[in-house]
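Residue numbers (the working numbering), protein chains in the order written: chain C, 1 to 83; chain X, 1 to 467.
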Amino acid sequence: MEAQQIETELLSFVRREIFAPTIELTPETDLVGAGFDSMSLVRVLLFIETTYGLWIPEKEITGETLKNLHALAAAVARLLHEP
Amino acid sequence: MNLIELLNEAAGRFAHKPALVDASTTISYAGLMDEISALSLDLKKLGFQPGARVGLCYANSIQYVALTFALWKIGAVVVPVPIECMEEDIEEIAKSMELSGVLSQQPRKGSIEVRSDLNFNACVLPNPANNHGLNIAFIRFTSGTTSARKGVVLCHETIRDRVFAANKALQIRSEDIVMWCLPMSHHFLITIVLYLTHGATIVLSRHVVARAFLESINHSHGTVLYAAPFHFSLLARDSSDLSLASVRLAVSTTCSLPEDVARDFRARFHRPLIQGLGIIELGLVSLNTGDPFGRWSSVGRPLPDFRVKILNADDQDCGEVAVQGPGFLDAYAAPWIARAELLRDGWFVTGDIGWIDAEGYLFLVGRKTAVINLAGRKVFPEEIESVLNRHPAVRESRVYGRLHAHLGEVVEAELVLEQGEADIQAVREFCRTHLASFKIPTRFHVVRSLPRTAVTGKIRRPPAMAA
């Protein structure tokens, strides 16, 4: 699966379920700066697990991965393609 | 007795010591007392009668702590309303807990502004709430079916007793710096109140990733970590060379600690991660400070003031965990059930299933309750079912916890449909408009019927199911 498609689906999910509708969100929005907390992280990890069958290993949950949705989608795509 | 006296006493001894620290502010004990006094003057203008029950819907912050103590100072009863609650959740809590009003960070429909970040909605009560002559400080709302017990009622004296009983094991001192990352609306008494009573400093952390949290712990010289297994699993898999050299106590709470998290945490930081048994009805019953390496999966021996025994043990000596000790809840609020009626021959039966080894260490193997624990937040199946059952395509539903290797449990639902097929996405959307995001089931399963008990015909509620 391509990172671009994952990014679109992640953006749709966090717009719908994580952030208030008043918050303008793009793939480049700083997640933590926008209010992303540890419960948000749990929700996103569960969405990724149920949608793509992938649990992101804890060692991959870094500041770089969670910088924004573009980076997160790229990490998901990379992990999905790893053997 | 009022819990503000405990804080007053600490402020007398540690006036200039930091009480709370967040990303931009450090407030001393004296400063906290000043803020509480100023807030209590503002709150008095709202006209609360002594014993009025007030909902508090506010995010983790220094202000959350000050507001709680300010409400106590004016004689009000604090009822936490989790910040993630939807409007209809708030209304349900207000109605069932007989709130005089709700203080909220965000303006709500019809609210008046008390301060720029504090709003108030008065509630209309048919009759004033009946506190049955008790000196109530706190009511923890617990959801359930219409017939279930709602609201754990705790008096000032009860909370004081819990705080001092718990500290016989936690040993919090004024030198301690506690790193805080749990929601205050779910955790406050045997934590925040206890830490402040003993002059400790609480550092409020909003870090999501392990590296930033570790840097914060090191920068603050944190000595105590109190968090959910999910937080510790992130820390345990951090690949930096940052240590936890300043930490003397790391306690995993809210749900059972997975073995790999305990093992990886020990390997990464060369210190134990310990568990305890904390119950809202009882306080902190046990803590495994005695053998954290050898018996890592135990919740420890009972604290000095507590006794634990196993009832109705099976042939493996495993049965229901019953407890005696101080700080036992004063009542359930709705319907009102007083303490004396809740004990079985002087013991409180917790709903946990466990066994005790030859040296007195308690091990939990399951629960009789159906409450789901998602990464530290409690989710009540009946609340979600009541929403699902209102969807026109759903005849009935069953919500349960599915064991999850990383999060404790996750929420899943079984649906019996009115007709053969339903748009599950539409059901999910329906949930989204009525439930906080984390309560929406991760998976929906369409089934022909729900398992029921033979005698009463009620929906059978298993403990969390294996994945």
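Beta carbons: idealized from backbone N, C-alpha and C, even for Gly.
- Counting the other CB atoms within 10 Å of its CB gives X/I27 a total of 16 or more, which places it among the buried residues.
- Rounded to whole angstroms, the separation of the alpha carbons of C/L54 and C/E60 is 12 Å.
- Measuring C-alpha to C-alpha distances from X/L362 to each of X/H221, X/V321, X/T254 identifies X/V321 as the nearest.
- Going by C-alpha positions, X/L311 is about 9 Å away from X/D317.
- Less than 8 Å divides the Cβ of X/M184 from the Cβ of X/Y64.
- Chain-ordered, the chain X residues with CB closer than 7 Å to the CB of C/T62 read V209, R211.
- Cβ-Cβ distances below 6 Å link X/L277 to V285, S286, V299 in the same chain, with the five nearest sequence neighbours on each side left out; the list follows chain order.
- In the three-state reduction of the DSSP assignment, X/Y58 falls in the coil class, being assigned neither a helical nor a strand state.
- Note on X/N130: under 16 other CB atoms within 10 angstroms of its CB, so exposed under the neighbour-count rule.
- Residue contact check for C/V42 against chain X: a CB pair falls below 8 Å.
- Beta-bridge annotation (DSSP): C/Y52 is not paired with any residue.
- Distance between X/H198 and X/A10, taken at the CA atoms: about 7 Å.
- When DSSP states are grouped into helix, strand and coil, X/Y361 belongs to the coil group.
- Shown here, X/V379 sits in a strand according to DSSP, grouped into three states.
- Here the alpha carbons of X/L6 and X/L407 stand approximately 36 Å from one another.
- Counting only Cβ-Cβ distances below 8 Å, X/F230 has contacts in chain C at S38, V42, in chain order.
- Membership of X/G12 in the alpha helix (DSSP H) is indicated by the continuous run 4-13.
- In the DSSP assignment, X/H231 falls within the unbroken alpha helix (DSSP H) covering 229-236.
- The beta-carbon separation of X/L194 and X/V153, rounded to 19 Å, does not stay under the 8 Å limit for a contact.
- Proximity of the segment 397-411 of chain X to the segment 161-175 of chain X falls short of the contact definition, fewer than three beta-carbon pairs being nearer than 8 Å.
- Between the alpha carbons of X/R206 and X/S100 lies a gap of roughly 32 Å.
- For C/L25, no chain X residue has a C-beta closer than 8 Å to its own C-beta; the minimum C-beta separation is roughly 15 Å.
- Cβ contact annotation for X/P229 (same chain, cutoff 7 Å, sequence separation greater than five): S252, C255, L257, P258, V261, G408, in chain order.
- DSSP places X/G151 inside the beta strand (DSSP E), whose first and last residues are 150-155.
- Under the DSSP assignment, X/K44 falls in the alpha helix (DSSP H) whose first and last residues are 29-44.
- Taken in chain order, the members of the segment 375-386 of chain X whose beta-carbon sits within less than 9 Å of a beta-carbon on chain C are A375, G376, R377.
- Contact of C/E17 with chain X by beta-carbon distance below 8 Å involves R432, S437, I440.
- Within a 10 Å sphere around the beta-carbon of X/F293 sit fewer than 16 other beta-carbons, which makes this residue exposed.
- Any Cβ of chain X closer than 8 Å to the Cβ of C/E58 would place that residue at the interface, and such an atom is present.
- If you check the CB distance, X/V79 and X/F120 do not come in under 8 Å.
- Beta-bridge analysis with DSSP links X/T201 to X/I177.
- Counting along the chain, X/Q419 sits inside no alpha helix (DSSP H), nor does DSSP assign it H or E at all.
- A straight line joining the alpha-carbon of X/F444 with that of X/I424 spans about 7 Å.
- With a cutoff of 8 Å on beta-carbon distance, X/R211 and C/G63 are scored as near each other.
- Taking all protein chains in view, the Cβ of X/Q106 is surrounded by fewer than 16 other Cβ atoms within 10 Å, so the residue is classified as exposed.
- CA-CA distance, X/L242 to X/A169, rounds to 28 Å.
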